[in-house]
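Protein chains in written order, with our numbering: chain A, 1 to 278; chain B, 1 to 268.
Ideal Cβ positions, reconstructed from N, Cα and C, are used throughout, including at glycine.
Working notes for the structure below.
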């Protein structure tokens with residue numbers, strides 16, 4: 001078929017617009033379905049009651065607590081390591097074999113599927129270190145999983161601090177350590193926070209890795225050595241075992257709202273960061 | 001800076017522990033029998049994962065066939081055609097798409113895609129096709145964002161030169177910009193492959209999970225990841241080791257894909 005360039009142009013543009021519309025339509029369909037069926041379920045008692053009869057009745061209080069504790073633990077553990085690595089890559093070293101190894105390992109970690117993190121967390125934390133199915137095992141496993149995200153975003157943020165900031169600090173007689181902790185680090189804090197918030201989102205959304213390491217207990221945990229279930233795991237079990245479509249939708253709606261808020265906050269940080277950079 | 005070695009030690013720990021757990025069963029059964037064995041019957045001590053390798057390959061290829069054309073079109077749309085207001089709305093939407101938990105995708109697939117396939121195309125609905133569609137959607141953010149960045153990072157002169165030679169906008173994209181951004185786009189596809197192959201929870205919910213060689217894309221299969229996800233909860237002894245061995249195979253394939261993607265992006 002011998003079409004003119006103009007016709008081809010029109011066909012191509014139609015396809016490109018159609019693809020964009022299709023993607024937005026799918027996103028809208030998924031979110032609308034979850035919110036329309038899930039939002040009516042969410043009320044005060046849904047948020048504050050512990051699940052009863054396997055989740056058929058009651059609320060999602062203990063999965064909320066489990067999610068918060070595991071996420072907090074993962075972030076608290078991963079952040080110092082992640083920022084330390086980023087500072088080392090961006091400030092303390094020239095490109096060489098070690099930096100290449102660090103980058104390779106960080107990028108590889110980012111690509112490892114969560115089920116493999118789950119396998120590792122199960123055998124290392126749950127069995128080998130004897131922590132059992134617990135909040136601690138789950139948090140440690142997720143810390144491994146979010147480490148590459150924190151390293152990458154923190155390194156980018158630190159690198160984007162203008163050289164003149166560092167030079168000004170040195171010219172005032174500050175040492176390297178003073179410069180890094182008093183000048184570079186505060187200037188990069190928004191970018192770093194953005195990475196941390198994105199990691200929080202990944203922890204909340206994760207299912208496979210936490211299910212293998214934190215268990216699926218329904219009661220409120222009394223210590224971090226207790227097993228728990230996160231909201232994503234709770235949703236999965238409700239949906240797959242056909243326990244309660246209603247409560248599954250409610251939990252999913254909560255998850256979607258949380259992820260949405262996290263994205264909004266992260267975007268605000270990035271936009272202000274960009275505006276400030278100008 | 002001992003902290004800086006955390007990522008290396010993390011990767012080393014993961015590799016070592018998974019291999020220690022999984023290697024004994026591979027040596028016991030034999031590498032060939034493990035990878036090409038057709039029967040998975042843990043209670044009888046038969047551990048062949050070939051049907052799952054085929055299953056993983058099928059859904060991954062399917063996901064790429066669904067996700068890549070749409071994703072690249074979206075990337076072109078965002079970098080070339082979208083008005084600023086649309087773009088400012090579209091990017092956060094893609095981020096949201098990336099943030100939605102995989103179990104939610106699986107649930108949605110189970111409620112909408114699976115019944116649709118069952119009623120209109122036949123078969124049980126739980127199928128390679130259903131998993132391909134959902135995974136295709138799930139890899140969109142990866143494909144779109146990386147392809148868009150590589151299109152945007154091209155020098156303006158490429159496009160301007162092409163237009164100055166009298167090319168239409170599409171011709172400039174087709175013959176100048178896409179070829180120039182090729183390495184970034186290929187890296188995006190490879191990373192998408194890795195994501196699709198590694199996804200577990202969404203796939204468990206819609207792929208049917210029966211261990212058999214599929215005859216068509218409407219047949220259910222089991223993938224490497226779902227094998228681990230389904231059976232890990234109750235496996236013990238050799239059975240558990242065999243699941244770790246499944247993990248080793250998955251791990252190696254994903255590491256090869258990652259290294260390829262890294263190599264492609266480095267080269268330019």
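Annotation: residue 40(B) has no Cβ neighbours in chain A at a cutoff of 9 Å; minimum Cβ distance is about 17 Å. Within the same chain, Cβ atoms closer than 7 Å to the Cβ of residue 230(B) are found at 204, 209, the five residues on either side in sequence being excluded. When secondary structure is reduced to three states using DSSP, residue 68(B) falls in the helix class.
Taking residue 46(B) as the centre and dropping the five residues before and after it, the same chain places the C-beta of 37, 39, 40 closer than 8 Å to its C-beta, in chain order. As DSSP reads the structure, residue 156(A) sits in no beta bridge.
Taking CB atoms only, residue 25(A) has no neighbour in chain B less than 9 Å away. For residue 49(A), no CB of chain B lies under 9 Å from its own CB, so it is not counted at the interface with that chain. Taken atom to atom, the span from the alpha-carbon of residue 136(B) to that of residue 172(A) is near 55 Å. Here DSSP, grouped into helix, strand and coil, assigns residue 211(B) to coil. Contact check for residue 184(A) and residue 158(A): beta-carbon distance about 6 Å, within the 8 Å limit, so the pair qualifies. For residue 33(A), the enclosing alpha helix (DSSP H) stretches over residues 5-38. If you look at residue 68(A), you'll find it in the alpha helix (DSSP H) that goes 61-87. Annotation for residue 223(B): 52, 55, 56, 59, 203, 207 place their beta carbon closer than 7 Å to its own, counting only its chain and skipping 5 residues before and after.
Here the stretch 148-155 of chain B makes contact with the stretch 178-187 of chain B; the two share three or more CB pairs at distances below 8 Å. By the CB criterion at 9 Å, residue 213(A) and residue 122(A) fall inside the cutoff.
Counting only Cβ-Cβ distances below 9 Å, residue 8(A) has contacts in chain B at 168, 170, 171, 174, in chain order.
Using a Cβ-Cβ cut-off of 8 Å, residue 232(B) is close to 118, 119, 122, 212 of chain A, given in chain order.
Annotation: residue 215(B) has no Cβ neighbours in chain A at a cutoff of 8 Å; minimum Cβ distance is about 26 Å. Chain-ordered, the chain A residues with CB closer than 7 Å to the CB of residue 201(B) read 207, 208, 236. Chain-order list of chain A residues neighbouring residue 17(B): 120, 123, 124, 128, by C-beta distance under 8 Å.
Put simply, the CB of residue 111(B) is near chain A, with a gap under 9 Å to one of its CB atoms. Chain order gives the chain B residues near residue 115(A) as 198, 200, 225, 228, 229, 247, 250, where near means a beta carbon separation below 8 Å.
Excluding five sequence positions before and after residue 4(B), none of the CB atoms of its chain fall closer than 8 Å to its own CB. If you check the CB distance, residue 255(B) and residue 132(A) do not come in under 9 Å. The beta-bridge partner set that DSSP reports for residue 52(A) consists of 57(A). Residue 165(B) is classed as exposed because its beta carbon has fewer than 16 other beta carbons within 10 Å across all chains shown. In chain order, 13, 16, 17, 20 make up the part of chain A whose C-beta sits under 9 Å from the C-beta of residue 81(B).
Within chain B, 1, 2, 3, 4, 6 have C-beta atoms less than 9 Å from the C-beta of residue 84(A), given in sequence order. Under DSSP, residue 221(B) shares a beta bridge with 208(B). Put simply, the CB of residue 104(A) is near chain B, with a gap under 9 Å to one of its CB atoms.
Beta-bridge pairing by DSSP links residue 46(B) to 41(B). With contact defined as three or more Cβ pairs closer than 8 Å, the stretch 136-143 of chain A and the stretch 69-87 of chain A are in contact. The alpha-carbon of residue 58(A) is positioned some 30 Å away from that of residue 115(A). Exposed is the label assigned to residue 84(B), since fewer than 16 other Cβ atoms lie within 10 Å of its Cβ. With the rule of 3 Cβ pairs closer than 8 Å, the stretch 75-90 of chain B does not count as touching the stretch 235-244 of chain A. Close CB contacts of residue 190(B) within its chain, under the 6 Å cut and outside five residues either way in sequence, are with 257, 260, 261 (chain order).
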